[in-house]
Structures are given as C-alpha cells and as structure tokens.
Amino acid sequence: MRNDAQAGTSLTSVMWALLRHELLLAFRNRQSFLNPLIFFVIVTVLFPLGVSPDPDFLREAAPGVVWVAALLAMMLSLDRLFQSDYEDGTLEQIVRCAQPLYLLVLVKTVVHWMLSGLPLILLSPFIATMMNLAPEFIPVLVLSLLLGTPVISLIGGIGAALTVSLRSAGVLVSLLVLPLTIPILIFGTGTIQAGIDGLPVSGYLAIMGGMLALAVTLSPFATAAAIRLGVSN
C-alpha cells in the first residue's frame, strides 16, 4: 500500500513539475504562442475586407471562418510541441523516465491547448460579434470550440511526434494532421449552423464530446509510441 501511494505521489509530482516547466518555457518564448493568436485575428479581420462586408453574408460565413481560422492558427505551433525537447535532449530523458510516457505526453498536449486553443476560445466571441453573428449563437460557438480545439491538439500531438526527428517539419505536420481534423471541423461548423437554422444542437455536441473522449483515450498512447520511435532513431 505504501509503495502504491509513493508511486502515485511521485507520478503526480512529476506531472506537476512538467506542467510548470512547460508553462515557464512558454512564458520565456511567448512569441511562438502569440503568433497563432495574431494569425487568428488577422485572418478573421481580413476576411470581410477581401470577400464581402455584407452583414448577411458575414453572418452565414462566420461559423466556417472562425473554425477554419482557429484550426490553421493551432497548426502554427504544433511543429514545436516536441521539437525543442528533442533538440536539447529533454525528450529522451522524458522517455527514460519511470513514469508512464503517455501521461507525460498528455500533460504537454494540455499545455499546448492552454496556450494556443484557449486564447482563441476566449477571443472568439469578439470575432463572432465583429462578423455579425447573432449574440444568442455565440455560446454555441464557444462550446463547440471548447470541445473541438482539444481534439486538434491531441491529434496534432501525434503528427508532431511522428516528425520530431525531422528539421523544418511544419508543413509535413500540417499535411499529416489536417485530414484527421476534418470531422471535427465539419461538426464544429455544423453545430453553429444547426443553431442558426433553429435545429437542436445537442446531437452535434454529443458527437463532438465523443470525439474528444476518444482522442483523450487513444491519442496519448499513439503519441507516446511515435515519440519512442523518433527518439530511438
């Protein structure tokens, strides 16, 4: 019993230490996580200028524009998810750690979502208002992003792990991850559109919740296996 308690305490302490380490590194290298937020704002602001400022058109296009911009913005930082740790040898030490690798990978993925996905969610109501989306649909937009953006980080972690040993793998990560994120993009925009059309959104949200549960369950194991493969090479 004592060994089990010590192991649990050790795992918890390691995960908290890794969480603090990742947040500290992000604070020191703020530009890498500010870039996705700036990209998100630029894309959504320039869309009305480049296509049409018509309020009715923007109202219909708002769900797709916000979701596509959020997806592409989160892709910008995926290639650095494990790359810096691989280059300085930290990733190899994480792999050799006695604690389960999939849990440590999950911590790094959660930090990526906190720094790239969560700011987009907090900013999305202002962007949606700018694009003339009715206020009653903004909570649906925020909830869809809250369920969908973690899936992007979890799936993106697999792509980042598969390309961790490659230099300048940003484009390759996007090519690997984008096809896998199409379902979450479809249901994310479909949720908002269903609300606009007066249809129930609970079914869409349930499907997105199922995708999130599946990603949380399976993605850390796939990412851990890809990291072991990349470090061994």
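Positions 804 to 1036 (the working numbering) are the ones given, in order, by the sequence shown.
Beta carbons are placed, not taken as given, at the ideal position from N, Cα and C, and that holds for glycine.
Just so you know, these numbers come straight off a predicted model, no measurement behind them.
Per-residue DSSP class, three states only, for residue i
i: GLN896; result: helix
i: LEU859; result: First, the residue type needs correcting, since residue 859 is Asp and not Leu in the sequence shown. In the structure shown, ASP859 sits in a helix (DSSP, three-state: H, G or I).
i: SER919; result: helix
i: SER880; result: coil
i: ASN935; result: coil
i: THR966; result: coil
i: ARG831; result: helix
i: ALA1025; result: helix
Outcome for residue i when other beta-carbon atoms lying within 10 angstroms are tallied against a minimum of 16
i: TRP819; result: exposed
i: VAL914; result: buried
i: ASP859; result: exposed
i: ASP888; result: buried
i: PRO851; result: buried
Residue from the options whose Cα sits closest to the Cα of residue i
i: LEU884; options: MET1014, LEU926, ALA1009, TRP916; result: TRP916
i: PHE940; options: LYS911, LEU981, PRO858, GLY1001; result: GLY1001
i: LEU926; options: TRP870, GLY892, VAL954, VAL974; result: TRP870
i: VAL844; options: LEU946, LEU875, ILE999, PHE860; result: LEU875
i: GLU825; options: PRO1023, ASN838, LYS911; result: LYS911
i: LEU837; options: PRO922, LEU814, SER968, ILE958; result: PRO922
i: LEU979; options: PHE1024, LEU944, LEU849, ILE958; result: ILE958
i: SER813; options: PRO839, LEU906, THR893; result: LEU906
i: LEU983; options: VAL954, MET933, MET877, ALA1029; result: VAL954
Contacting residues, own chain, Cβ-Cβ under 6 Å from residue i (five flanking each side not counted)
i: VAL846; result: ALA872
i: GLY811; result: Note on GLY811: pLDDT 46, under 50, position unreliable in the model; the coordinate value appears next. Excluding sequence neighbours, GLY811 sits near nothing in its chain.
i: VAL817; result: GLN902
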